[in-house]
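Numbering (this note's numbering), first residue to last: 22 to 155.
(1) Here's a check: name, in chain order, each residue in its chain whose Cβ is nearer than 8 angstroms to the Cβ of residue 58, leaving out the five neighbours to either side.
(2) For residue 134, does the count of other Cβ atoms within 10 angstroms reach 16, so buried, or fall short, so exposed?
(3) My understanding is that residue 6 touches residue 50, with C-beta atoms under 8 angstroms, so please give their C-beta distance in whole angstroms.
(4) Does DSSP put residue 35 in a helix, in a strand, or in coil?
(5) For residue 125 versus residue 79, is the C-beta distance shorter than 9 angstroms?
(6) Please return the same chain residues whose Cβ sits closer than 6 angstroms to the Cβ of residue 116, not counting the five positions on each side in sequence.
(7) Just the Cα atoms here: how many angstroms apart are residue 118 and residue 53?
(8) What is the rounded straight-line gap between the Cα of residue 106 and the Cα of residue 112?
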């Protein structure tokens, strides 16, 4: 359905003809557009599967890690002038990620304990974060 909407809009704006000419003249551009579309679809499918199987927290953590890797690879592949603020930013980001992952892990463990215990979490001598007994 989305393809037809995009085609209608580009035709109404008068951009359909020039784009067809461009892709006919540059097959590599069409191939790159196809690869981009397939990878976007695969990413959306993987994100949906993560959300369905684990939770939105897990999908968010994976998405954030993916974005972080994109930034790190950008620095590795495309050299930029170094500034000390980059180091501070990376350290702050990594600390925030560790805190977020620890908090969400404790939350998930608490929900698992609550669901396996009939809805009421058991508080113990702090064997697990948050005092939940596994």
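Glycine residues also receive a C-beta, built at the ideal position from the N, C-alpha and C atoms. This structure is a prediction, so every number in the text was calculated from the model and none was measured.
Here's the rundown:
(1) Cβ-Cβ distances below 8 angstroms link residue 58 to nothing in the same chain once the five nearest sequence neighbours on each side are left out.
(2) In the assembly as shown, residue 134 is a buried residue. Its beta-carbon has 16 or more other beta-carbons within 10 Å.
(3) Outside the displayed span of the chain (22 to 155) sits residue 6, for which this structure offers no information.
(4) Of the three classes helix, strand and coil, the one that applies to residue 35 here is coil, per DSSP.
(5) Cβ atoms of residue 125 and residue 79: closer than 9 angstroms.
(6) Within the same chain, no residue comes within 6 angstroms of residue 116 by CB-CB distance, once the 5 residues on both sides are set aside.
(7) Taking the straight line joining both Cα atoms gives about 33 angstroms.
(8) Pairing residue 106 with residue 112, the inter-Cα distance amounts to about 10 angstroms.
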